[in-house]
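Have a look at the structure below, then the notes.
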Amino acid sequence: MTLLSPKIDRIIENNPTFRTYVFKHHLSAKPGQFIMLWLPEVDEIPISIGWQEEDEFHLGIAKVGDFTEALFKNVKVGDRLGIRGPFGKPFDLKDSKKIMLIGGGSGTPPMLSLAQKAKKKGIETTVVLGARTKELLLYENKFKELDCDLHVATNDGSKGHKGYCTDIVEEKLKTHEIDCIYTCGPELMMYKIAEIAKENNIECQVSLERFMKCGFGICGQCCIDGTGLRVCKDGPVFDSKIALQHQEFGKYRRTASGIKENL
Ligand SMILES: Cc1cc2nc3c(=O)[nH]c(=O)nc-3n(C[C@H](O)[C@H](O)[C@H](O)COP(=O)(O)OP(=O)(O)OC[C@H]3O[C@@H](n4cnc5c(N)ncnc54)[C@H](O)[C@@H]3O)c2cc1C
Ligand code: FES
Numbered sequence: 000m001t002l003l004s005p006k007i008d009r010i011i012e013n014n015p016t017f018r019t020y021v022f023k024h025h026l027s028a029k030p031g032q033f034i035m036l037w038l039p040e041v042d043e044i045p046i047s048i049g050w051q052e053e054d055e056f057h058l059g060i061a062k063v064g065d066f067t068e069a070l071f072k073n074v075k076v077g078d079r080l081g082i083r084g085p086f087g088k089p090f091d092l093k094d095s096k097k098i099m100l101i102g103g104g105s106g107t108p109p110m111l112s113l114a115q116k117a118k119k120k121g122i123e124t125t126v127v128l129g130a131r132t133k134e135l136l137l138y139e140n141k142f143k144e145l146d147c148d149l150h151v152a153t154n155d156g157s158k159g160h161k162g163y164c165t166d167i168v169e170e171k172l173k174t175h176e177i178d179c180i181y182t183c184g185p186e187l188m189m190y191k192i193a194e195i196a197k198e199n200n201i202e203c204q205v206s207l208e209r210f211m212k213c214g215f216g217i218c219g220q221c222c223i224d225g226t227g228l229r230v231c232k233d234g235p236v237f238d239s240k241i242a243l244q245h246q247e248f249g250k251y252r253r254t255a256s257g258i259k260e261n262l
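Under numbering that gives the first Met the number 0, the first residue of the sequence shown is numbered 0, with each subsequent residue one higher.
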């Protein structure tokens with residue numbers, strides 16, 4: 000584990016509720032891994048590693064509650080943030096030749112990092128992004144820069160397919176041979192994708208989010224009912240066949256104090 004306090008080099012406002020924080024620092028992380036981000040006197044939260052270059056890494060963050068509101072309001076370019084990690088089991092590209100990546104909302108950054116790695120390995124990469132409106136679609140330009148076969152879905156039809164990204168996935172699988180599907184986003188979306196993968200007999204990996212405290216497997220906060228696996232250490236990336244054995248996958252999660260919360 001590394002402890003860092005890198006300076007923020009740039010802040011990109013992707014939309015009013017999502018920003019990308021850019022750090023000029025080499026982070027030896029694999030796509031799907033996450034770091035614990037510390038804001039002194041506020042809290043510490045898990046965030047996935049997004050775009051990475053030799054001397055740079057990006058964290059894409061959605062404003063949803065106390066920590067992220069404080070981050071958006073008080074933290075500026077040149078400030079330092081506390082970082083522990085990288086943690087967790089990454090995505091596994093195996094020996095795939097053709098893959099499909101599906102990103103929804105704040106689950107898009109790890110898909111971008113995976114697309115970078117896949118492209119370096121010469122893997123044919125189809126990307127499907129979903130959002131409520133076109134303004135909320137993330138990193139389209141970055142995926143285009145990587146020359147991915149990009150498809151988008153918006154709930155209101157303001158861009159691409161009107162509806163869910165799972166509609167595109169089902170349609171594509173009728174004509175495209177895919178070795179493995181990778182997804183990160185809202186859990187109900189990932190659950191549907193895991194079921195589609197099962198029906199089509201395709202390998203699939205999903206990245207789960209659960210409340211985290213230690214981030215490296217010792218506190219037990221992120222254990223999943225049914226399998227007892229820890230999301231921070233045995234995941235966050237799980238083979239979808241294992242995820243479908245988690246009693247709570249696609250159904251509920253637990254708050255910081257362990258109370259069940261329906262999805
Ligand atoms: C492995 C992993 C990777 C993640 N990657 C990203 C990312 O790349 N970008 C992004 O925007 N978000 C990501 N998240 C979600 C992010 O951690 C939460 O949105 C954030 O913690 C919200 O904090 P808050 O105080 O602003 O909001 P709150 O109002 O406290 O919470 C809003 C939501 O975030 C969840 N949350 C709060 N604290 C934690 C915590 N310590 N651990 C897990 N969940 C928490 C709550 O359960 C709730 O559902 C990731 C979560 C996990 C587990
Ligand atoms: S967060 Fe402590 S075991 Fe996972």
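Idealized CB from N, CA, C, for every residue including glycine.
Go through the residues and name those whose CB comes closer than 5 angstroms to any heavy atom of ligand 1, in chain order. Selection output, chain order preserved: F33, I44, P45, I46, S47, I60, A61, V63, G64, D65, F66, T67, S105, P108, E208, F210, M211 and P235.
Three-state secondary structure (DSSP) at P39? Per DSSP, reduced to three states, the secondary structure at P39 is coil, with no helix or strand assignment.
Just to confirm, is the Cβ distance from V236 to K88 under 8 angstroms? Yes, these two residues count as a Cβ contact at 8 angstroms.
In three-state terms, what does DSSP make of E144? In the three-state reduction of the DSSP assignment, E144 falls in the helix class.
Rounded separation between D178 and C203 - CA only: CA-to-CA, the gap between D178 and C203 works out to about 9 angstroms.
Tell me which same chain residues have a C-beta within less than 7 angstroms of the C-beta of K259, skipping the five on either side of it? Residues Y251 and R253 of the same chain have their beta carbon placed closer than 7 angstroms to that of K259, with the five preceding and five following residues left out of the count.
Could you compute how far the alpha carbon of K143 sits from the alpha carbon of A152? Those two C-alpha atoms are separated by around 16 angstroms.
Check for me: the alpha helix (DSSP H) holding V21 runs from which residue to which? Per DSSP, V21 belongs to no alpha helix (DSSP H); it is in the beta strand (DSSP E), F17 to F22.
Counting pairs of beta carbons, one from the segment 69-76 and one from the segment 116-134, are three or more of them closer than 8 angstroms? Short answer: they don't touch.
Within the chosen definition, does the segment 79-98 reach the segment 32-52 through at least 3 CB pairs nearer than 8 angstroms? With a cut-off of 8 angstroms on Cβ pairs, the segment 79-98 is in contact with the segment 32-52, counting three or more such pairs.
Please work out which residues of its chain come closer than 8 angstroms, Cβ to Cβ, to E169, disregarding the five sequence neighbours upstream and downstream, and give them in chain order. For E169, the CB contacts under 8 angstroms within the same chain, skipping 5 residues up- and downstream, are I195 in chain order.
Could you check if K232 belongs to the surroundings of ligand 2, using beta carbon to heavy atom distance under 7 angstroms? Checking the Cβ of K232 against ligand 2 gives yes.
Name the two residues that bound the continuous alpha helix (DSSP H) containing Y190. Per DSSP, Y190 belongs to the alpha helix (DSSP H) from E186 to E198.
May I ask you to list the residues that DSSP assigns as paired with K6? Beta-bridge pairing links K6 to R79.
Starting from A61, trace the beta strand (DSSP E) in both directions and tell me its first and last residue. It spans E55 to A61 - the beta strand (DSSP E) in which A61 sits, taken as one unbroken run.
Decide yes or no for the touch test of the segment 34-43 against the segment 108-127: beta carbon pairs closer than 8 angstroms, at least 3 of them. When C-beta atoms of the segment 34-43 are compared with those of the segment 108-127, fewer than three pairs fall below 8 angstroms, so the two segments do not count as touching.
Here's a check: name, in chain order, each residue in its chain whose Cβ is nearer than 6 angstroms to the Cβ of E12, leaving out the five neighbours to either side. Correct list, in chain order: R18.
Please name the residue in Q32, G31 and I10 whose C-alpha comes closest to that of F22. Checked all of Q32, G31 and I10; the closest Cα to F22 is I10.
Bridge partners - T124, DSSP secondary structure assignment: Residue pairing by DSSP places T124 opposite I98 in a beta bridge.
Any chance the CB of Q214 is under 7 angstroms from a heavy atom of ligand 2? As written in the sequence, residue 214 is Gly, which differs from the Gln given in the question. Flag set: Cβ of G214 near ligand 2.
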